[in-house]
Amino acid sequence: MVSIEADMIGVLNRRSALLECLLQQPRDKRTLVDKLDVSRSTIDRGVRELESAGIVAYEGRMYGLTPVGEFLGQAFTDFQDTIETTTRLAPFLQLVDPDWFDIDLRSLQTARIWVAEANDSFGPLDSHIETVQAAHRYRGLLPSVGRESMEVKYRSILEHESEHEVIVDRTVAEVLQSEPVVDLFEDMIATGRVSVYVCDDPIPQYLGLFDQTVMQVGSCGNNGIPYALLETADDESFAWAARKYESYKDTATLLAGPS
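If you read the sequence shown in the UniProt record's numbering, its first letter stands for residue 1, the second for the next number, and so on.
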C-alpha cells in the first residue's frame, strides 16, 4: 500500500526534473541519463527514492510513473506553475481583491502586467490606451470614471468606429450625469455606438474585454485611470472575464444606449 508521508513534497521537489521527464513517458535508465544530463548514480538515487515513495515502478526495463505517481506528478507540476506565475505577477496581485479575482492563476502564465512606479507612472494607462485603440468591440466593468479616461474611449469610438458597452455601479452612474463629464458622456451616447448599464453590486476592479481575444484587469484611482494593469490573450482567462462580465450584466439595467 502506498504511504503518503509528510516528506512527500520534499521528495517531489528534490526529484522534480526526473518526475517531469517520466510524466512525458516511461524511460529506460540510459535515456534518463541522457535526457537529464546527469550521472548514472544520480539517476539510481532518484528512481530509488521515487520507488520508495510509490511514485515510480520498474517494469519491462523501463521506469514509469505509478497511477499515484501520475496524479502526484501532475498536481506537483501544476503547483510549480502556479507558484512561478504568482511570483512573477506579485506586484499586480498585491493590488487586487483576491476574492473577486478568482481566476485560475495557471491561465495567466503568458499575462503581462504594468504597475505605476515613480519612474513610469503612465505604464498602465499607456498600455490600456494601446489596447483600446486596437479593438473594434470593447466591454468593460468600470469602478470609476474621469474625463481623461473617458476621452481615451471617445477618441477610439470616433477614430475607429468601435462599439463600447460598459457597466457601472450607481455611484459612477451619477458621476456620468454630472459635471465635469456629462457633456462628454452625452457626446459618446450620441455616436450610437455606446451602451451603459447600471448594476447594484459594487465593482471593485476594472475589467475590460477587447473583441474576442484580449482581457484586462486593473486597479483604478477615482479618476478611472489604472495604476495597475494585467493583460492576456489566453483563451481560459478571456472565458473567465466574459463570465465575470455577464454575471454583472445579468442584473444590470440600461442607463443609456443607441436609440
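Note that the Cβ used here is the ideal one computed from N, Cα and C, for glycine as well.
Because the structure is a prediction, the values reported are computed rather than measured.
{"Asked": "Three-state secondary structure (DSSP) of residue 212", "Found": "coil"}
{"Asked": "Inter-residue Cα distance where the pair is residue 141 and residue 156", "Found": "17 Å"}
{"Asked": "Proximity winner among 57, 48, 106, relative to residue 236 (alpha-carbon distances)", "Found": "106"}
{"Asked": "Stretch pair the region 143-150 + the region 105-124: three plus CB contacts closer than 8 Å", "Found": "no"}
{"Asked": "Bounding residues of the alpha helix (DSSP H) (the contiguous stretch that carries residue 83)", "Found": "67-93"}
{"Asked": "Three or more C-beta pairs below 8 Å linking the region 23-31 and the region 52-62", "Found": "yes"}
{"Asked": "Cα-Cα separation, residue 21 to residue 37", "Found": "12 Å"}
{"Asked": "Segment limits, alpha helix (DSSP H) that includes residue 160", "Found": "147-160"}
{"Asked": "First through last residue of the beta strand (DSSP E) which encompasses residue 178", "Found": "Here residue 178 belongs to no beta strand (DSSP E), and DSSP marks it neither H nor E."}
{"Asked": "Nearest-angstrom Cα separation, counted from residue 189 out to residue 82", "Found": "42 Å"}
{"Asked": "Other residues of its chain near residue 3: CB distance less than 6 Å, five sequence neighbours each side excluded", "Found": "Caution applies to residue 3, whose pLDDT of 47 falls short of 50 and renders its modelled position unreliable; the model cannot decide the point."}
{"Asked": "DSSP-derived helix/strand/coil call for residue 202", "Found": "coil"}
{"Asked": "Proximity of residue 207 and residue 217 at Cβ, strictly below 7 Å", "Found": "yes"}
{"Asked": "Endpoints, the alpha helix (DSSP H) within which residue 239 is located", "Found": "235-249"}
{"Asked": "Span of the beta strand (DSSP E) around residue 142", "Found": "137-142"}
{"Asked": "Exposed unless 16 or more other CB atoms sit within 10 angstroms - verdict on residue 239", "Found": "exposed"}
{"Asked": "Proximity test, Cβ basis, 7 Å: residue 69 and chain C", "Found": "The structure shown has no chain C; it contains just one protein chain."}
{"Asked": "For residue 226, the nearest candidate out of 160, 127, 39 (CA to CA)", "Found": "127"}
{"Asked": "Extent of the continuous alpha helix (DSSP H) to which residue 165 belongs", "Found": "Per DSSP, residue 165 belongs to no alpha helix (DSSP H); it is in the beta strand (DSSP E), 163-169."}
{"Asked": "Simplified DSSP state of residue 34, which is helix, strand or coil", "Found": "helix"}
{"Asked": "Residue nearest to residue 77 in terms of C-alpha spacing, selected from 14, 44, 165", "Found": "14"}
{"Asked": "Proximity to residue 181 [Cα-Cα], best of 154, 197, 199, 203", "Found": "154"}
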